[in-house]
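A short worksheet on the structure shown next.
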Amino acid sequence: MDPDLALLLNGIVSGLLLGGLYAAAAAGLSISFGMLDVVNIAHPAFMVLGALLVALLWGATGIDPLILSVLLTPAFWALGAAIYVVYHHFFERRGDEAIQGLAFFFGVMFIIEVGLVLAIGPEQHFADAAYAGITWRLGEIDLPLRMLVPALVAFAAIGGLALFLRRSFTGRAIAAVAQDREALRLLAIDPVRIKRLAFGISIAMAALAGGALVVVQPVDAWSGHVFIGRVFAVVIMGGLSSLGGCVLAALAFGVVENVTASFYGPSWSPAVAFGCLLLVLAIRPQGFFGRVA
Amino acid sequence: MSDTTIPAMPTLPAPRRTGHPAFWLASAAVALVSILALRGIGSEYAYFAATFILQYVVLATAWNILGGYAGYVNFGAAAFFAAGAYTTVAIGKALGLSLLPCIGFAALVGGVLGLGTGILTLRLRGAYFAIATLCLSVVLQTIVVNWDYVGGSRGAYVIRPREVPWPFESYSGYLCAVMVVLAAAAVAIARSIEKSRLGLGLAALRDDEAAAEAAGVPTLRLKLIATTISGAMMAVAGAPLPLLGSYVEPNSAFGLSYAVNAIAMPLIGGTGSWAGPLIGAVLLASLQQAATVTISSAANLMIVGVVLVVFVCAAPHGIIGLFRRQK
Chain A
7 MDPDLALLLN
17 GIVSGLLLGG
27 LYAAAAAGLS
37 ISFGMLDVVN
47 IAHPAFMVLG
57 ALLVALLWGA
67 TGIDPLILSV
77 LLTPAFWALG
87 AAIYVVYHHF
97 FERRGDEAIQ
107 GLAFFFGVMF
117 IIEVGLVLAI
127 GPEQHFADAA
137 YAGITWRLGE
147 IDLPLRMLVP
157 ALVAFAAIGG
167 LALFLRRSFT
177 GRAIAAVAQD
187 REALRLLAID
197 PVRIKRLAFG
207 ISIAMAALAG
217 GALVVVQPVD
227 AWSGHVFIGR
237 VFAVVIMGGL
247 SSLGGCVLAA
257 LAFGVVENVT
267 ASFYGPSWSP
277 AVAFGCLLLV
287 LAIRPQGFFG
297 RVA
Chain B
660 MSDTTIPAMP
670 TLPAPRRTGH
680 PAFWLASAAV
690 ALVSILALRG
700 IGSEYAYFAA
710 TFILQYVVLA
720 TAWNILGGYA
730 GYVNFGAAAF
740 FAAGAYTTVA
750 IGKALGLSLL
760 PCIGFAALVG
770 GVLGLGTGIL
780 TLRLRGAYFA
790 IATLCLSVVL
800 QTIVVNWDYV
810 GGSRGAYVIR
820 PREVPWPFES
830 YSGYLCAVMV
840 VLAAAAVAIA
850 RSIEKSRLGL
860 GLAALRDDEA
870 AAEAAGVPTL
880 RLKLIATTIS
890 GAMMAVAGAP
900 LPLLGSYVEP
910 NSAFGLSYAV
920 NAIAMPLIGG
930 TGSWAGPLIG
940 AVLLASLQQA
950 ATVTISSAAN
960 LMIVGVVLVV
970 FVCAAPHGII
980 GLFRRQK
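As given, the protein sequences belong to chains A and B, one line each in that order.
Going by the working numbering, the first sequence opens with residue 7, and the numbers climb by one from there.
Going by the working numbering, the second sequence opens with residue 660, and the numbers climb by one from there.
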């Protein structure tokens with residue numbers, strides 16, 4: 007095969023796998039930011055918190071990191087619910103969420119990150135899954151399991167989440183709270199309870215994404231920063247509240263970044279990806295898959 | 660959205676208003692006294708700490724013009740700050756100019772960048788605007804990392820000139836005096852804007868953009884003016900940075916600590932008035948300097964985070980708001 011073509015194909019495939027990781031990171035945000043209107047800028051920090059906890063637990067027990075991250079989700083759900091209670095009490099109730107709420111999550115992000123640095127140090131942590139060294143080869147195309155397994159787990163989790171939102175009563179209530187919370191009140195459903203539940207789910211997704219992240223790459227306390235822009239970019243390009251759009255946007259984002267990195271060097275890839283987002287915001291603020299409000 | 664700010668407006672004390680010239684004179688006097696006082700202390704560390712704190716006064720005041728008066732949250736403060744710093748590096752290297760002309764160029768670059776951001780993001784509000792500015796920061800950082808002329812990701816060394824301008828005995832003293840003047844000018848500009856028609860228009864579009872537009876406020880033009888002025892002033896805040904540390908590299912110049920501080924300081928002080936960012940910046944930056952010296956540099960970001968969270972929860976209108984309510 008022509009080496010350029012092989013490079014392009016490999017770039018696209020590993021971009022799709024990277025997109026799986028982005029989708030996992032962005033799916034939780036798509037719930038909190040897209041559906042609940044809670045601009046949780048600390049979402050990547052929760053992901054890193056999950057990743058580092060998984061790494062520490064892996065070091066102590068040797069259980070597979072992805073299983074550990076699934077085990078962590080209930081704790082993260084509770085954490086998310088608690089944070090939503092605080093957020094609701096101080097900001098949403100007063101109608102101050104715009105600037106003050108944003109600043110609140112900005113502060114929470116710094117507390118998590120610096121807390122991690124003070125507690126376990128600034129060095130990188132990693133967790134080696136049993137399959138991390140294996141690479142499947144399909145002709146010229148490499149499929150490293152280190153990337154493939156987290157991506158598949160992420161897609162499975164997002165699929166389950168989409169099913170939950172579409173089929174179950176609570177899931178439909180979450181989708182409804184995004185559209186009209188007063189109408190929800192008329193159905194005798196407490197919108198605050200629903201939002202608390204949904205915000206917990208979004209943070210639990212962050213724990214899962216953290217588990218996927220720590221399998222893919224070593225993580226330190228500041229790793230979340232590079233993800234802030236990316237996950238918000240993915241969620242906005244995906245049209246906010248649509249999980250399917252979020253996955254497609256994540257895949258597109260991963261491919262654009264990776265192909266740019268393979269052909270022009272990795273230092274250019276953020277500019278191309280974020281340039282795309284700036285253009286999307288300037289031309290089509292509702293995203294590719296969103297409806298005009 | 661921010662309906663809660665409207666009832667607070669009539670409590671502004673109308674009588675005893677200081678005019679614009681009087682306020683500018685007062686700021687000049689304060690600047691002069693501060694320079695003389697710092698001269699009196701005369702230690703290199705005092706100069707460094709004062710410059711550090713004052714650069715945040717300029718940055719926070721600049722951020723507040725767009726974020727506080729107009730209600731547009733800019734997460735990209737670090738981008739403008741770094742644009743100023745790198746203007747100094749590039750202009751200093753290309754033309755061999757000294758600090759003062761570089762600050763002028765930085766204002767120009769920051770203003771153009773602010774205007775560009777404004778034009779590109781005119782249709783965005785709230786979180787979208789915030790995220791667009793965050794993107795701008797990433798794009799700009801990537802460009803600087805790939806720009807070899809200013810050192811790329813290796814960073815650039817800037818040698819302080821050997822001869823020091825006349826009345827000063829060391830370059831840090833000169834740098835500090837420049838920063839005092841910049842800070843005083845920034846606060847005076849912010850107050851002039853706040854008390855002028857521009858400030859009233861910005862406040863109107865912050866409270867309800869559609870209503871302001873309907874009432875004949877030229878929201879589009881006001882937003883562009885605000886982004887330009889705010890961008891220019893943030894770049895000015897960053898311009899002396901290379902000379903302060905003799906070295907800049909993209910990761911620290913674009914560091915999130917500038918972005919978080921630029922937001923935290925006005926919010927802690929109170930966003931509605933010129934005094935808010937000033938109080939917030941002095942308080943928070945001194946606290947950080949103290950924490951860096953006595954505990955560790957990781958702890959100072961922790962302090963910013965905790966103070967920010969406590970303040971937005973307990974005192975949503977900042978320190979100024981606390982005093983207003985007691986009256």
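From the three backbone atoms N, C-alpha and C, an ideal C-beta is built for every residue, glycine too.
The DSSP-derived three-state label of A:Leu144 is strand. Taking the Cβ atoms as the reference, A:Ala256 lies roughly 5 Å from A:Gly25, within the contact range of under 8 Å. Closest by C-alpha distance to B:Ile979, out of B:Phe739, B:Gly928, B:Leu857 and B:Trp683, is B:Gly928. For A:Gln185, the enclosing alpha helix (DSSP H) starts and ends at Phe175 to Gln185.
At a cut-off of 8 Å, the C-beta of B:Thr780 has a neighbouring C-beta in chain A.
Within chain A, no residue has its beta carbon less than 7 Å from that of B:Ile700; the closest one is some 31 Å off. Neighbours of A:Trp274 in chain B, taken as residues at a C-beta separation under 7 Å, are given in chain order as Thr801 and Asn805. Under a criterion of Cβ atoms nearer than 7 Å, the residues of chain B adjacent to A:Val120 are, in order, Ala957, Leu960, Met961 and Gly964. Taking each of B:Val804, B:Phe788, B:Lys752 and B:Ala845 in turn and checking the Cα distance to B:Pro820, the smallest one comes out for B:Lys752.
Taking C-beta atoms under 8 Å as the contact rule, B:Ala765 and B:Gly743 qualify, at a distance of about 4 Å. In the DSSP assignment, A:Val225 forms a beta bridge with A:His131. Annotated three-state conformation of A:Pro156 is helix, per DSSP. Distance check between A:Leu15 and each of A:Val262, A:Ala277, A:Ser208 and A:Val278 places A:Val262 closest, using alpha-carbon atoms only. Interface criterion met: the Cβ of B:Val797 is under 8 Å from a Cβ in chain A. In the three-state reduction of the DSSP assignment, B:Tyr816 falls in the strand class, which pools E and B. The beta carbon of A:Leu85 lies closer than 7 Å to those of Ile209 in the same chain, with the five residues before and after it left out. Between B:Val732 and chain A, the shortest Cβ-Cβ separation is below 8 Å.
The beta carbon of B:Glu703 lies closer than 8 Å to those of Ser829 and Ser831 in the same chain, with the five residues before and after it left out. B:Tyr808 sits in a helix when the DSSP states are folded into three classes. For A:Val123, a Cβ of chain B is located within less than 8 Å of the residue's own Cβ.
Closest option to B:Met892, judged by alpha-carbon separation, among B:Ala918, B:Gly811, B:Ala870 and B:Ala842: B:Ala842. Each residue's CA atom was taken as its position, placing B:Val768 and B:Ser889 some 12 Å apart. Counting of Cβ neighbours within 10 angstroms places B:Phe970 among the buried residues, the total reaching 16 or more.
Within chain A, Phe96, Phe97, Arg100, Asp102 and Gln106 have C-beta atoms less than 9 Å from the C-beta of B:Pro975, given in sequence order. Below 8 Å, too few C-beta pairs join the stretch 120–130 of chain A and the stretch 166–179 of chain A to call them touching: fewer than three. Using a CB distance cut-off of 8 Å, B:Val919 counts as an interface residue toward chain A. The C-alpha of A:Gly244 is placed about 21 Å away from the C-alpha of A:Leu219. Relative to B:Ala815, the option among B:Pro925, B:Leu967, B:Asn910 and B:Ser686 whose CA is nearest is B:Asn910.
Taken in chain order, the members of the stretch 228–260 of chain A whose beta-carbon sits within less than 8 Å of a beta-carbon on chain B are His231, Ile234, Gly235, Phe238, Ala239 and Ile242. Excluding its 5 nearest sequence neighbours in each direction, B:Glu868 has C-beta neighbours in its own chain below 8 Å: Arg784 and Thr878, listed in chain order. The beta-bridge partner set that DSSP reports for A:Leu149 consists of A:Trp142. Taking every protein chain shown into account, the CB of B:Arg782 has fewer than 16 other CB atoms within 10 angstroms, so this residue is exposed.
Rounded to the nearest whole angstrom, the CA to CA distance from A:Ala215 to A:Gly40 is 18 Å. Take A:Gly217, set aside five residues on each side of it, and the residues of its chain with a beta-carbon closer than 6 Å to its own are Val60, Pro71, Leu72 and Ser75, in chain order. Neighbours of A:Leu284 in chain B, taken as residues whose beta carbon is under 9 Å from its own, are Leu779, Thr780, Ala791, Cys794, Leu795 and Val798 in chain order.
As DSSP reads the structure, B:Tyr906 sits in a beta bridge with B:Tyr816.
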